[in-house]
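Undergrad:
Protein chains: 2
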Amino acid sequence: MPHPLFDQHRPMLDRAVEAIRTRGFWTPFPEQPSPKVYGETAQADGKAAYEALLGRDFALDQPGQTGWIAPERSPYGVALDVRYPVCTPQALIDAATVAMPAWRKVGADGRVGICLEIVQRIHQRSFEIAHAVMFTSGQSWGMAFQAGGPHAQDRALEAIAYAWDAMSAVPNEAGWEKPMGKNPPLAMRKHYEITGRGVALVIGCSTFPTWNTYPGLFAALATGNPVIVKPHPNAVLPAAISVRIAREVLAEQGLDPNLVTLAISADPADTQQLATHPAVKSIDFTGGNAFGQWLRQHATQAALYAELAGVNNVLIDSTDDYPAMLKNLAFTLSLYSGQMCTTTQAILVPADGIGTPTGRVGFDQVAADLGATVEQLLASPSTAFALLGAINSEATLARIAQAPQWGRVVLASKRLEHPEFPDAQVHTPVLLACDAADETAYMEERFGPIAFVVKVADTAAGIALSERLVREKGALTVGLYATDDAVIDAMTEATLRAGVALSINLTSGVYVNQSAAFSDYHGTGANPAANASYSDTAFVANRFRVIQRRWHVAPPVAAAA
Amino acid sequence: MPHPLFDQHRPMLDRAVEAIRTRGFWTPFPEQPSPKVYGETAQADGKAAYEALLGRDFALDQPGQTGWIAPERSPYGVALDVRYPVCTPQALIDAATVAMPAWRKVGADGRVGICLEIVQRIHQRSFEIAHAVMFTSGQSWGMAFQAGGPHAQDRALEAIAYAWDAMSAVPNEAGWEKPMGKNPPLAMRKHYEITGRGVALVIGCSTFPTWNTYPGLFAALATGNPVIVKPHPNAVLPAAISVRIAREVLAEQGLDPNLVTLAISADPADTQQLATHPAVKSIDFTGGNAFGQWLRQHATQAALYAELAGVNNVLIDSTDDYPAMLKNLAFTLSLYSGQMCTTTQAILVPADGIGTPTGRVGFDQVAADLGATVEQLLASPSTAFALLGAINSEATLARIAQAPQWGRVVLASKRLEHPEFPDAQVHTPVLLACDAADETAYMEERFGPIAFVVKVADTAAGIALSERLVREKGALTVGLYATDDAVIDAMTEATLRAGVALSINLTSGVYVNQSAAFSDYHGTGANPAANASYSDTAFVANRFRVIQRRWHVAPPVAAAA
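Residue numbers (the working numbering), protein chains in the order written: chain C, 193 to 753; chain P, 193 to 753.
Below is the structure:
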């Protein structure tokens, strides 16, 4: 079934499919918020569009609305007061169910074309959405633009490309002709139709309200499922704008906008009702282990794609560029005040120190040098505010305060006064040193700007501890610094066994906490930190099913179309 | 990583991949046990090989063996007395876990090549395995050869083709070069390695001990997982021969044969221990709802691919060939005494009868004619024994005895004396008539040769009832007889909503209970009868994960290999 939007976006789709097969660098969405790329007024226009949303009702015209709620509290300490519609879970599910058959009939081409159009419209609103990401998540402006805008759009496009790749492997029809010896062949015509599984629920997080929401949203939508987006109550606006755009595009295409709805409520029971509803067949969840485990136990009617907690770690054996290594690590620890799910928490250093071009550097010295490098990196206020952003939650603020009890303080966290937002919660990282035996300290996720330099007996013990951390606590990222191929090989084997991505000797402009769409799989799905990945075939293939019908025809039959 | 077996079997693999993409007729394994194809002595040799296994220990040299067990009781009433090794679940899991890393290192090519070699060796033993299938499942010889031999091998090859297709979509490595404006680009080399999820458990059924075991076995094995095959205690031998062949091929390749082991025990707790073991990451299960539900609730550490009970149904609105329709249905009801998971149980007929070229035929007449056609089909003893086979289980025998209480008996079941096997339990189908309101009668699976002609108010009510049966009770197959396109369209929509395969107007040599590999998806995964399909991308894609590693290189980097 040809569709104008599919034809229109086909070149981008084809390039995206090529990218997921070859996994080199590619993006259609420039990451720099440059006036040259986006236009001289893009920044001002986006800011104005964002500000026009504040202090008002964010109408979505959804069914079953019972009231309004304004749950957000900005980490920058500014008022948002956007009021979102509260709708009953049953009304959203009923509307989604009603909308689903027409969405199937659009066909894979049409659905993919419409999803690509939604992503394109989201892209055009990057500056507006970036402001919404910044002021809800606490990210700095630059990061909010990149991670919340183009990078999130990349992840959306990537999920759609995988969905298209998997769906297009199924022919629409086939001719089947079985030779029967001397008798005439048996001949049939068969049709294969792709159907979604049912209502999809996408539960977002407060730190990356678009980057962690788009993959599930677009994977589910493209494969034929209506989607209910349940954002984190503290980061609703970026999701709400995205949902509104999706609804607009769907309506323009003569489709039921209730294929994509926003669920927000003051009552956690509403989310539980959605998650366990028999009509809900898939759940994408980014968040903590407690609710993740609850979902696994109670939402057994749905396929769960979950990203949970972990203890990301880096092992240092040796380096050929000690200052560059320290700078790279300091950047990772500082970016968004360590509030990335990919931020390193445990830096494993042998008791007798590490090898460098100028000789061995002892454990205490490595810890001290890393602390000093973080301090130096954040010495300039403009750099500090651009890197750190603000602390996203009260729980993270509390953890920063508690942190000194978990180890010897190498570098204390400081609160910085933001010149523009006096109530912003800006805090520098705290760096602690401890022994590998102090497992209660570093061996659970301490989300936020809290990192440990952990003393391990030697490199082999460090590799073993890294593997155990991944296996038992989960990790999205592991790093290694080593100049010896044997160490690199041993760590490679350990990460293959444990099932985690490994970054080796990052001393340049790529950081262990960064994951580039189309090239880096985000999460492996092979350790407790996530049971799925952005994105791979497994992320999309079970979101749709193939329903066939067949009937006899007179031979000969034509081959598959 | 090139591998000689991969190169050797590459033409067959390429053709299989083409087949799953185009879904026309194809098989490399001739389904007729013809001396011209398989050799003049194949039948005698296969029978002798089978008989040489009887009454003896079936040694497998597996770890943790604590004794021997001979659990099989043949539906043909003959003694088998094959003794299989009982091994502790933990020993099998430990051995599988130890074997796994080397299996990963073989690489996707090598694993696929070795799996294809195993299938080829199994194919060469088709006659021996067919005898084992016949005497354990109760299938007739002809069916045991086709379904237990070439058709099962087709399903194995199909699963391997899907596994290869999904794995080969992941490049082994990539060059990644990100432009940085006026600065030099960031350049990295990335490697992507495919790893299995962990130990796979494949739990077989008693009726199709190879056809329903091979897809999970080969999907899991090809994607990097060691596999523990747990056959039904009454149909061990076909699985045991297959496992032995797999172990032989693995050992020849210098690999640990414990990558494929047989689990058999007198203690059901052993199966539960296997299923819930933390190392077990996937379970393929064909069987009843009770244990299926138990697995879903308790084996939450594993991905479950389950085929469970259902109520397959056929709606008759009208036909342009009444006698051919009756013959087609009678064949379906008779084949293997209705003991196929795809056998029709409920035949929905409007109260005012059906349209035929010679006028309307009333409900009672349709039922009577169908009963008479079954009787006629089975009138010749040679045809009867070739079609019916023997009753697989005591439970099915008991259901046949109970059946008359569930409706008006249109055709009573008869026991037939098998000329060759006097103790064989051969029973003809029982056909009952009832009203749609008699839901307790026909609305749960009555596995075996028990079918209902169900009186529905009209065609629309029949479509609605068919949809409800599929939604609530599940179905692998639905059929329709209708000469009116509007009825076909309405039923098509109903089956798309409910998620079940539809066969339309089968009056020739294809039957609703038949599913051809490479063309017909067996199960949709979209209704309660199965949460997965033989085979599709979803059946394989989540059985492996991709683990990446990356490091900086000097630009420019080469494109992906």
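Don't be surprised by glycine CBs; every beta carbon is placed ideally from N, CA and C.
Residues in the segment 693-715 of chain C with C-beta within 8 Å of chain P's C-beta atoms, listed in sequence order?
TA: Listed by position, the residues of the segment 693-715 of chain C near chain P (Cβ gap below 8 Å) are Ala-693, Leu-694, Ser-695, Ile-696, Asn-697, Leu-698, Thr-699, Ser-700, Gly-701, Val-702, Ala-708, Ser-711, Asp-712, Tyr-713.
Undergrad: Name, please, each residue of chain C whose Cβ falls closer than 7 Å to the Cβ of Val-419 of chain P.
TA: Position 227 of the second sequence, counting from 1, holds the residue named residue 419 of chain P. None at all; the shortest Cβ gap to chain C is about 18 Å.
Undergrad: Going by the beta-carbon positions, is the gap between Val-704 of chain P and Thr-729 of chain P smaller than 8 Å?
TA: Taking the first residue of the second sequence as position 1, residue 704 of chain P is located at position 512. Taking the first residue of the second sequence as position 1, residue 729 of chain P is located at position 537. Not in contact: Val-704 of chain P and Thr-729 of chain P (Cβ atoms no closer than 8 Å).
Undergrad: Since Phe-523 of chain P is in the alpha helix (DSSP H), which residue starts that stretch and which ends it?
TA: Within the second sequence, residue 523 of chain P is the residue found at index 331, counting from 1. From DSSP, the alpha helix (DSSP H) with Phe-523 of chain P extends over 514-526.
Undergrad: Can you give me the C-alpha to C-alpha distance between Ala-753 of chain P and Asn-364 of chain P, rounded to a whole angstrom?
TA: Numbered from its first residue, the second sequence carries residue 753 of chain P at position 561. Numbered from its first residue, the second sequence carries residue 364 of chain P at position 172. With a pLDDT of only 44 at Ala-753 of chain P, under 50, the local geometry of the prediction cannot be trusted, and the value read off the model is given with reservation. Approximately 7 Å, taken between the alpha carbons.
Undergrad: How about Phe-577 of chain C: is its C-beta nearer than 8 Å to some C-beta of chain P?
TA: Counting from one through the first sequence, the residue named residue 577 of chain C turns up at place 385. No, no contact with chain P.
Undergrad: CA-CA distance, Ala-538 of chain P and Glu-659 of chain C?
TA: The residue you call residue 538 of chain P lines up with position 346 of the second sequence. The residue you call residue 659 of chain C lines up with position 467 of the first sequence. C-alpha separation (whole angstroms): 55 Å.
Undergrad: Using DSSP bridges, identify the partner residues of Leu-603 of chain C.
TA: Translated into the one-based positions of the first sequence, residue 603 of chain C becomes position 411. According to DSSP, which records beta bridges pairwise, Leu-603 of chain C is partnered with C:Leu-623.
Undergrad: From this set, C:Arg-202, C:Lys-370, C:Gly-330, which residue's C-alpha is nearest Leu-580 of chain C's C-alpha?
TA: Here residue 580 of chain C is taken as the residue at index 388 of the first sequence, counted from 1. Nearest C-alpha to Leu-580 of chain C: C:Gly-330.
Undergrad: Let me confirm a value: Gln-489 of chain P is counted as buried when at least 16 other C-beta atoms fall within 10 Å, else exposed. Which label applies?
TA: Locating residue 489 of chain P in the second sequence gives position 297, where the first residue counts as 1. Under this definition Gln-489 of chain P is an exposed residue.
Undergrad: On the CB-based measure, 16 or more other CB atoms within 10 Å of its CB, does Gln-597 of chain P come out buried or exposed?
TA: For the purposes of this step, residue 597 of chain P is taken as the residue at position 405 of the second sequence. Looking at its Cβ environment, which holds fewer than 16 other Cβ atoms inside 10 Å, Gln-597 of chain P is exposed.
Undergrad: Quick check: what's the CA-CA separation for Gln-725 of chain C versus Lys-370 of chain P?
TA: Here residue 725 of chain C refers to the residue found at position 533 of the first sequence. Here residue 370 of chain P refers to the residue found at position 178 of the second sequence. Before going on, a small fix: residue 725 of chain C reads as Ser here, not Gln. Ser-725 of chain C and Lys-370 of chain P: Cα-Cα distance of roughly 22 Å.
Undergrad: So, Ala-412 of chain P versus Arg-735 of chain P, is the Cβ gap smaller than 8 Å?
TA: As a first step, residue 412 of chain P is located in the second sequence; it is residue number 220 there, counting from the start. As a first step, residue 735 of chain P is located in the second sequence; it is residue number 543 there, counting from the start. Cβ atoms of Ala-412 of chain P and Arg-735 of chain P: closer than 8 Å.
Undergrad: Going by beta carbon distance, what residues of the same chain come within less than 6 Å of Ser-318 of chain P, once the five residues before and after it are set aside?
TA: Residue numbering aside, residue 318 of chain P sits at position 126 when the second sequence is read from its first letter. If we look at Ser-318 of chain P and ignore the five residues flanking it on each side, its Cβ neighbours are Gly-341.
Undergrad: With DSSP run on the structure shown, which of helix, strand or coil describes Leu-698 of chain C?
TA: Residue 698 of chain C sits at position 506 when you count from the first residue of the first sequence. Leu-698 of chain C: coil per DSSP, three-state reduction.
Undergrad: Using CA atoms only, rank isn't needed, just tell me which of P:Ala-294, P:Pro-407, P:Ala-283, P:Gly-671 is closest to Glu-350 of chain P.
TA: The residue given as residue 350 of chain P occupies position 158 in the second sequence. Comparing Cα-Cα distances from Glu-350 of chain P to each of P:Ala-294, P:Pro-407, P:Ala-283, P:Gly-671, the minimum goes to P:Pro-407.
Undergrad: Suppose the cutoff is 8 Å on Cβ atoms and the five residues either side in sequence are ignored; what does the same chain contact list for Pro-377 of chain P look like?
TA: By one-based count along the second sequence, residue 377 of chain P stands at place 185. Glu-369, Lys-370, Pro-371, Pro-747, Pro-748, listed in sequence order.
Undergrad: Could you work out which residue in P:Tyr-268, P:Pro-449, P:Pro-573, P:Asp-630 is closest to Asp-253 of chain P when comparing CA atoms only?
TA: What you label residue 253 of chain P is simply residue 61 of the second sequence in a count that begins at 1. Of the candidates P:Tyr-268, P:Pro-449, P:Pro-573, P:Asp-630, the one whose C-alpha sits nearest the C-alpha of Asp-253 of chain P is P:Pro-449.
Undergrad: Taking only beta carbons into account, state which residues of the segment 509-537 of chain C come closer than 7 Å to chain P, listed in chain order.
TA: Cβ contacts with chain P: none found.
Undergrad: Would you mind listing the alpha helix (DSSP H) stretches within the segment 402-475 of chain P that are 4+ residues and don't spill past its ends, in chain order?
TA: Segments of the alpha helix (DSSP H) lying fully in the segment 402-475 of chain P: 406-414, 429-444, 460-468.
Undergrad: Taking Cβ to Cβ, would you say Val-274 of chain P is nearer than 8 Å to Leu-246 of chain P?
TA: In the second sequence, residue 274 of chain P corresponds to position 82, counting from 1. In the second sequence, residue 246 of chain P corresponds to position 54, counting from 1. Yes, the Cβ-Cβ distance between Val-274 of chain P and Leu-246 of chain P is below 8 Å.
Undergrad: So what does DSSP say about Lys-374 of chain P, is it helix, strand or coil?
TA: Residue numbering aside, residue 374 of chain P sits at position 182 when the second sequence is read from its first letter. Coil at Lys-374 of chain P, not helix or strand.
Undergrad: Using the three-state DSSP reduction, which class does Ala-752 of chain C fall into: helix, strand or coil?
TA: Indexing the first sequence from 1 puts residue 752 of chain C at position 560. The predicted model places Ala-752 of chain C with a pLDDT of 48, which falls under 50 and marks its position as unreliable; any figure quoted below should be read in that light. DSSP places Ala-752 of chain C in coil when its eight states are reduced to three.
Undergrad: Can you find a CB in chain P that lies within less than 8 Å of the CB of Ile-296 of chain C?
TA: Here residue 296 of chain C refers to the residue found at position 104 when the first sequence is read from its first residue. The sequence shown places Arg at residue 296 of chain C, not Ile. So yes, Arg-296 of chain C belongs to the interface.
Undergrad: Excluding sequence positions up to five away, which residues of its chain have a Cβ less than 6 Å from the Cβ of Thr-687 of chain C?
TA: Stepping through the first sequence from its first residue, residue 687 of chain C is reached at position 495. For Thr-687 of chain C, where only same-chain residues beyond five positions count, the Cβ hits under 6 Å are Val-670, Leu-694.
Undergrad: When you compare only the Cα positions, how much space is there between Gln-316 of chain P and Ala-300 of chain C?
TA: Position 124 of the second sequence, counted from the start, is the residue given in the question as residue 316 of chain P. Position 108 of the first sequence, counted from the start, is the residue given in the question as residue 300 of chain C. Looking at the two C-alpha atoms, the distance is approximately 41 Å.
Undergrad: Do you know whose CA, among P:Val-738, P:Glu-210, P:Ser-727, lies nearest Asn-404 of chain P's CA?
TA: Residue mapping note: residue 404 of chain P aligns to position 212 of the second sequence, counting from 1. If we check each option's Cα against that of Asn-404 of chain P, P:Ser-727 comes out closest.
Undergrad: If we ignore side chains and look at the alpha-carbon of each, how far apart do Ala-438 of chain P and Gly-446 of chain P end up?
TA: Counted from its first residue, the second sequence places residue 438 of chain P at position 246. Counted from its first residue, the second sequence places residue 446 of chain P at position 254. Answer to the nearest angstrom: the Cα atoms are 13 Å apart.
Undergrad: In chain P, which residues lie less than 9 Å from Gly-691 of chain C when you measure between Cβ atoms?
TA: Your numbering for residue 691 of chain C matches position 499 in the first sequence. Those are Thr-387, Arg-389, Arg-737, Ile-739, listed as they occur along chain P.
Undergrad: Determine the chain P residues that contact Phe-217 of chain C at a beta-carbon separation under 7 Å, and present them in chain order.
TA: Stepping through the first sequence from its first residue, residue 217 of chain C is reached at position 25. Here the neighbours are Trp-368, Glu-369, Lys-370.
Undergrad: From what residue to what residue does the beta strand (DSSP E) around Thr-548 of chain P run?
TA: As a first step, residue 548 of chain P must be located in the second sequence, where it is residue number 356. Counting along the chain, the beta strand (DSSP E) containing Thr-548 of chain P begins and ends at 546-548.
Undergrad: Would you say Trp-743 of chain C faces chain P, with C-beta separation under 8 Å as the test?
TA: Reading the first sequence from its first residue, position 551 is the one you call residue 743 of chain C. Answer yes: the Cβ-Cβ gap between Trp-743 of chain C and chain P drops below 8 Å somewhere.
Undergrad: Tell me which residues of the segment 341-362 of chain P have at least one Cβ-Cβ distance to chain C shorter than 7 Å, keeping chain order.
TA: Flagged, chain order: Ala-358, Ala-361.
Undergrad: Where does the unbroken alpha helix (DSSP H) through Gly-502 of chain C begin, and where does it stop?
TA: Here residue 502 of chain C refers to the residue found at position 310 of the first sequence. Premise fails: Gly-502 of chain C is in no alpha helix (DSSP H) and is neither H nor E.
Undergrad: Please report the straight-line C-alpha distance between Arg-347 of chain C and Thr-535 of chain P, rounded to a whole angstrom.
TA: Here the question's residue 347 of chain C lines up with position 155 in the first sequence. Here the question's residue 535 of chain P lines up with position 343 in the second sequence. Using only the alpha carbons, I get a separation of about 45 Å.
Undergrad: Using 8 Å for Cβ pairs, my map puts Ser-266 of chain C next to Ala-578 of chain C. What's the rounded Cβ distance?
TA: By one-based count along the first sequence, residue 266 of chain C stands at place 74. By one-based count along the first sequence, residue 578 of chain C stands at place 386. Ser-266 of chain C to Ala-578 of chain C, Cβ: 18 Å. No contact.
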